[in-house]
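S.K.:
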Amino acid sequence: MGLLPDEAKVLPPPGIVNRNSVWFGLCGWATAMLHNSLNRRPALKAGVHRQALFTTVGWFIGYHLTKYENYKYATLDRDMNEYMRLHPEQFPEKEPKTFAEIVEPFHPIR
Amino acid sequence: MPFGRLLLRTSTVNKMFSRNSFIASKPDPSKPNMLRAGLAFGSTAVLWALLFKQHSTDVHEYKTRNGLE
Chain A
9 MGLLPDEAKV LPPPGIVNRN SVWFGLCGWA TAMLHNSLNR RPALKAGVHR
59 QALFTTVGWF IGYHLTKYEN YKYATLDRDM NEYMRLHPEQ FPEKEPKTFA
109 EIVEPFHPIR
Chain B
35 MPFGRLLLRT STVNKMFSRN SFIASKPDPS KPNMLRAGLA FGSTAVLWAL
85 LFKQHSTDVH EYKTRNGLE
């Protein structure tokens, strides 16, 4: 991991198929198909090597982006939980209300 | 003669870096550039292999650090 510190390895890694990978892969494929169209070639049947390469590059970038995203969210959660642990007076436990107490009385107009 | 002039030969070597209306040709789809296509497919395979290896390393690291295996 180039841009992730060592502690990020504690987090569960994303699957090979993940949201960012699929999206970036599709974007890469769309770029290759657009390249074909702009050069007046059949969009799907031409330049398959280019389509495969762009999709793969997108998938690769998406995987590492998902890892980075997971790490960023995990640090935010950790900091938030640490703050809540150090300042319990700002987060009092509230009694859960039943719906009967919240809902206004019903006056049918028939 | 300035040195730059010597680099402006319109020979086959220079065809890759500059297009000149005397030697330009339309790209011919019936004669694919096999080297370029081979490199593209090869780098595709390399990238997928790298991805799978990185994923298995990550899974192994995760399991060892959390004491699951």
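Top to bottom, those sequences are chains A and B. Quick note on the numbering used here: the first sequence kicks off at 9 and runs consecutively. Quick note on the numbering used here: the second sequence kicks off at 35 and runs consecutively. Every residue gets a Cβ at the ideal spot worked out from N, C-alpha and C, and that includes glycine. The structure presented is a predicted model; accordingly, all values stated were derived computationally and were not measured.
With 7 Å set as the bound, which would you pick, yes or no: does the beta-carbon of residue 21 of chain A sit closer than that to a beta-carbon of chain B?
M.R.: Here residue 21 of chain A refers to the residue found at position 13 of the first sequence. It does: the Cβ of residue 21 of chain A has a partner Cβ on chain B nearer than 7 Å.
S.K.: Under three-state DSSP, which class holds residue 49 of chain A?
M.R.: For the purposes of this step, residue 49 of chain A is taken as the residue at position 41 of the first sequence. Residue 49 of chain A falls in the coil class under three-state DSSP.
S.K.: Rounded to the nearest angstrom, how far is the Cβ of residue 26 of chain A from that of residue 79 of chain A, given a contact under 8 Å?
M.R.: As a first step, residue 26 of chain A is located in the first sequence; it is residue number 18 there, counting from the start. As a first step, residue 79 of chain A is located in the first sequence; it is residue number 71 there, counting from the start. Not confirmed; about 14 Å, so no contact.
S.K.: If we call anything under 7 Å between Cβ atoms a contact, is residue 99 of chain B one with residue 17 of chain A?
M.R.: Working through the second sequence from its first residue, we reach residue 99 of chain B at position 65. Working through the first sequence from its first residue, we reach residue 17 of chain A at position 9. Yes, Cβ-Cβ distance for residue 99 of chain B and residue 17 of chain A is below 7 Å.
S.K.: Would you check if the distance between the CB atom of residue 63 of chain A and the CB atom of residue 36 of chain A is smaller than 7 Å?
M.R.: As a working note, residue 63 of chain A is residue 55 in the first sequence. As a working note, residue 36 of chain A is residue 28 in the first sequence. Yes, they are a contact pair.
S.K.: Here's the rule I'm using: 16 or more other beta-carbon atoms within 10 Å means buried, otherwise exposed. How should residue 98 of chain A be labelled?
M.R.: Counting from one through the first sequence, the residue named residue 98 of chain A turns up at place 90. With fewer than 16 other Cβ atoms within 10 Å, it is exposed.
S.K.: Excluding the 5 residues flanking residue 43 of chain A on each side, which residues of the same chain have their C-beta closer than 8 Å to its C-beta?
M.R.: If you number the first sequence from 1, residue 43 of chain A lands on position 35. If we look at residue 43 of chain A and ignore the five residues flanking it on each side, its Cβ neighbours are 55 and 58.
S.K.: Return the Cβ separation of residue 77 of chain B and residue 61 of chain A in integer angstroms, given the expectation that the two are a contact with Cβ distance under 8 Å.
M.R.: To locate residue 77 of chain B, count along the second sequence from 1; it is residue 43. To locate residue 61 of chain A, count along the first sequence from 1; it is residue 53. Confirmed, Cβ separation roughly 6 Å.
S.K.: Does DSSP put residue 15 of chain A in a helix, a strand or coil?
M.R.: Numbered from 1 along the first sequence, position 7 holds the residue referred to as residue 15 of chain A. The answer is helix: DSSP assigns residue 15 of chain A an H, G or I state.
S.K.: In whole angstroms, give me the CA-to-CA distance for residue 68 of chain A and residue 13 of chain A.
M.R.: As a first step, residue 68 of chain A must be located in the first sequence, where it is residue number 60. As a first step, residue 13 of chain A must be located in the first sequence, where it is residue number 5. Roughly 19 Å between the two C-alpha positions.
S.K.: Using the Cβ count rule (16 or more neighbours within 10 Å means buried), how would you classify residue 88 of chain A?
M.R.: One-based indexing of the first sequence puts residue 88 of chain A at position 80. Residue 88 of chain A comes out exposed.
S.K.: Which of the three DSSP states, helix, strand or coil, is assigned to residue 108 of chain A?
M.R.: Reading the first sequence from its first residue, position 100 is the one you call residue 108 of chain A. The answer is helix: DSSP assigns residue 108 of chain A an H, G or I state.
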